[in-house]
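Below is one structure, written out as C-alpha cells; comments come after it.
Protein chains: 2
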Amino acid sequence: MDTASPRAVAPYARVKEHLKGGLAAGRWRPGELMPSEAELVAHFGVSRMTVNRALRELQAEGLVERLQGVGTFAAQLNRVSSTLTIRDLQEEIEARGHRHHAEVHLQRREPAGAALAASLGLAAGGTVFHTLVVHHDGGVPLQCEDRYVNPAAAPDYLGVDFTATTPTRYLLEVAPLWEAQYSIEASRPTAQEAKLLGIGRDEPCLVVVRRTVSRGTPITLARLVHPGSRYTLAGSFRP
Amino acid sequence: MDTASPRAVAPYARVKEHLKGGLAAGRWRPGELMPSEAELVAHFGVSRMTVNRALRELQAEGLVERLQGVGTFAAQLNRVSSTLTIRDLQEEIEARGHRHHAEVHLQRREPAGAALAASLGLAAGGTVFHTLVVHHDGGVPLQCEDRYVNPAAAPDYLGVDFTATTPTRYLLEVAPLWEAQYSIEASRPTAQEAKLLGIGRDEPCLVVVRRTVSRGTPITLARLVHPGSRYTLAGSFRP
DNA sequence: TAGTGGTCTAGACCACAGC
DNA sequence: CTGTGGTCTAGACCACTAC
C-alpha cells in the first residue's frame, strides 16, 4: 500500500475531514457515540495509529470527547471557545504601517501594597517596579499601560529604555513562557488616564487587566486602558 | 521495554516536558534551531514516532515551528495568543447559581439593507430574521442581544420561544459547527439599548459584534451589548 | 470477558532543503 | 548526497469500562 502518496491528502486528514463533515452535518448529535477506532480502521482501510491521530487531533480541537474504555463522543458545543490574539502593541501598530511612539511617564521602584504584594507573590512590604507608559499610533494616544513587575523576575527592568522596546516585549525575552489570566471590561478612565490619553472622563474605555505567571512565579500585573473610539479587539473562532 | 508503564509519565510527555522546560528557561532563543528528531530519539531512547508526537503537539501549541527539510525552531512568541471562552449566557448565569430570564422585544421578518444582505450572503432586497432579546441575571439586565439571522440557515427561527432557550443555543443546534469573527469594543449604548438595559446613555458598555459562518454559509450577525459595570469577559493564556 | 481508548515500537517511504 | 521533517504500518501491551 502506498504509505505517503505524492499529491494525495494524508489518510489521517481524510479520516479527520470525514468526521468533521459528519459533525458539521449534525450526523452525530452532541453527546452521541461516534464510530470506534476499530470501525474507522475497517472503513478506511488504514492502520489504527492513523485513525487514532485523527481522533486525537479532533479531541485537541474540542470537537469530540474521548473516554478510555467507553468510546468517542460528539462534543457539547455549548461553550463557544475562541482564540483571541493579542499582539504586542508596537508590532501591531507597525504592521498597520503606522509609527509607534511611547512616552514613559513613570519608571521606578515602589513599596507594594498588601493586595499588590499578594498578587505578585511578594512578602508584605516588599518593593515592586512600576512603569506607566503611553503608547501612540502615529501621534494619537492608543494605550495607557500601567504595569507592576516582580523585581525577582526582571531585575534589570528599571534600566530598560521603553521608548525603544515595549515592556511586553522585554518581559517576553526575560521570561519566555507565560501563563496569564485576563479580564476585559468597559469602564471610564481615571482622571490621570483621561489626561494621558487626551480624552474626556466620560469616554468609554476598553480595559484589559492581565496577570502573568512564568514557571510558577508571578511576573507582572498590568492595566491596559484604550480609548473605546480608537481601539477594538478582534478575534476569530477556531474552525 | 515497558511500552506503557502503569504509573509512569508517558514517554512522549517526558520529551515534551523536557523541551517545554528548556524553552521556558530560555535554553533556545526564539528562532534558534532545536534538537532534531534523531537526536531526541538517541537522547531519550524512544522511537521516532514518540518524539515526533511530542514535537507535533508543541507545534500545535505554537511553541515551536517546524520546516520540512530544515529543522525545528523555537517559536517567536511575540504574538501573545490566548483563549477566550465565551459561554452561552444562559448557561453562564445559571452556573453562577443565578436565575436567567429573557425578554423578547422583537422577533420578526424584515427586509435587509444592502450592507446587511452582503454580510449574510443574501441577494439584495432579501429578507432577514431579526430578534432583539434582553437577558437578565436575577432580574438585572445583563445583555442586549440584537441579532440578524440568515433565513436559509434557520428557517424555523421565528417560531422559537426565546424565553425558554437562547438564540445562541438554538443556532448551535441547527448549525453545529461554527466559524466566526468578532470584535470587542467599548462604547456608549444607543438610546434604545440604554433604555432596555436600564442604564444611562453615558454608561460605558462592552460591545461584542460577532459574525458567524457555518459550512461556508453566513448564519448570523449579532451585536451583544453589556453594561460595563455588570459584565466582564475573562480569559486565560494557553500554557 | 469483550470492547474501548492510550501508547509505544521498528522500520519504512516520501518530500524537501542544503551542499 | 545527507539530513530534515511528514507520514504510515502491523502489531503489541496496557488501563479502563461495561456486562
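Heads up: the sequence lines are chains A and B, in that order. What the first sequence shows, in our numbering, is residues 40 to 278, in sequence order. What the second sequence shows, in our numbering, is residues 40 to 278, in sequence order. Heads up, the beta-carbon is just placed ideally off N, CA and C, and yes, glycines get one too.
According to DSSP, simplified to helix, strand and coil, what is residue i?
i	result
L94(B)	helix
G237(A)	coil
T89(B)	helix
L260(B)	strand
A141(A)	strand
T207(B)	helix
Y221(A)	strand
G198(B)	helix
Q129(A)	helix
P180(B)	strand
S268(A)	coil
S275(A)	strand
A157(A)	helix
A113(B)	strand
L79(B)	helix
R148(B)	strand
V48(A)	coil
L62(B)	helix
R135(B)	coil
A192(A)	coil
L71(A)	The sequence shown places Glu at residue 71(A), rather than the Leu named in the question. Coil.
E242(A)	coil
R53(B)	helix
E212(B)	helix
A43(A)	Because A43(A) sits at a pLDDT of 36, beneath the cut-off of 50, its placement in the model cannot be relied upon, and the following sentence gives the value as read from the coordinates. Correct three-state label for A43(A): coil.
E104(A)	strand
For residue i, return the contacting residues in chain A, with the cut-off set at a CB-CB distance below 7 Å.
i	result
D241(B)	D241
A225(B)	A225, P243, C244, L245, G267
P215(B)	L62, A63, G65, L116
V254(B)	It should be pointed out that residue 254(B) corresponds to Arg in this sequence rather than to Val. Within chain A, the residues near R254(B) are A63.
To the nearest whole angstrom, what separates the beta carbons of residue i and residue j, a pair I think is in contact under 8 Å?
i	j	result
P180(A)	L62(B)	Not confirmed; about 35 Å, so no contact.
T256(A)	A191(A)	7 Å
L72(B)	G110(B)	5 Å
H169(A)	H140(A)	Actually they do not touch by this definition, with Cβ atoms about 21 Å apart.
P228(B)	C244(A)	That pair is no contact at about 15 Å.
G274(A)	Y221(B)	6 Å
G70(B)	F112(B)	6 Å
E133(B)	V172(B)	No, E133(B) and V172(B) are not in contact; Cβ-Cβ is about 16 Å, not under 8 Å.
E187(A)	T251(A)	Checking the displayed sequence, the identity of residue 187(A) turns out to be Tyr instead of Glu. With a Cβ gap of about 11 Å, Y187(A) and T251(A) do not count as contacting.
Below 9 Å on C-beta distance, what does residue i contact in chain B?
i	result
R262(A)	In chain order: nothing, as chain B lies at least about 13 Å away.
Nearer than 8 Å: is that true of the beta carbon of residue i relative to any heavy atom of the ligand ADP?
i	result
E184(A)	This structure lacks the ligand ADP, and indeed carries no ligand of any kind.
Discussion item. Check whether the stretch 54–69 of chain A and the stretch 96–104 of chain A touch, using three or more Cβ-Cβ pairs below 8 Å as the test.
Written reply: yes
Worksheet item: Which residues, taken in chain order from the stretch 56–84 of chain B, show a beta carbon closer than 7 Å to some beta carbon of chain A?
Response: L62, A63, G65
Item to complete: With 7 Å as the limit, tell me which residues of the stretch 87–104 of chain A have their beta carbon closer than that to any beta carbon of chain B; keep them in chain order.
Response: A99
Discussion item. If contact is defined by three or more beta carbon pairs under 8 Å, each pair taking one atom from either stretch, is the stretch 226–243 of chain A in contact with the stretch 258–275 of chain A?
Written reply: yes
Practice prompt. Specify whether the stretch 83–92 of chain B and the stretch 127–144 of chain B touch according to this definition: at least 3 beta carbon pairs, one from each stretch, less than 8 Å apart.
Written response: no
Worksheet item: Touch check for the stretch 191–209 of chain B and the stretch 202–211 of chain A: three-plus C-beta pairs under 8 Å?
Response: no
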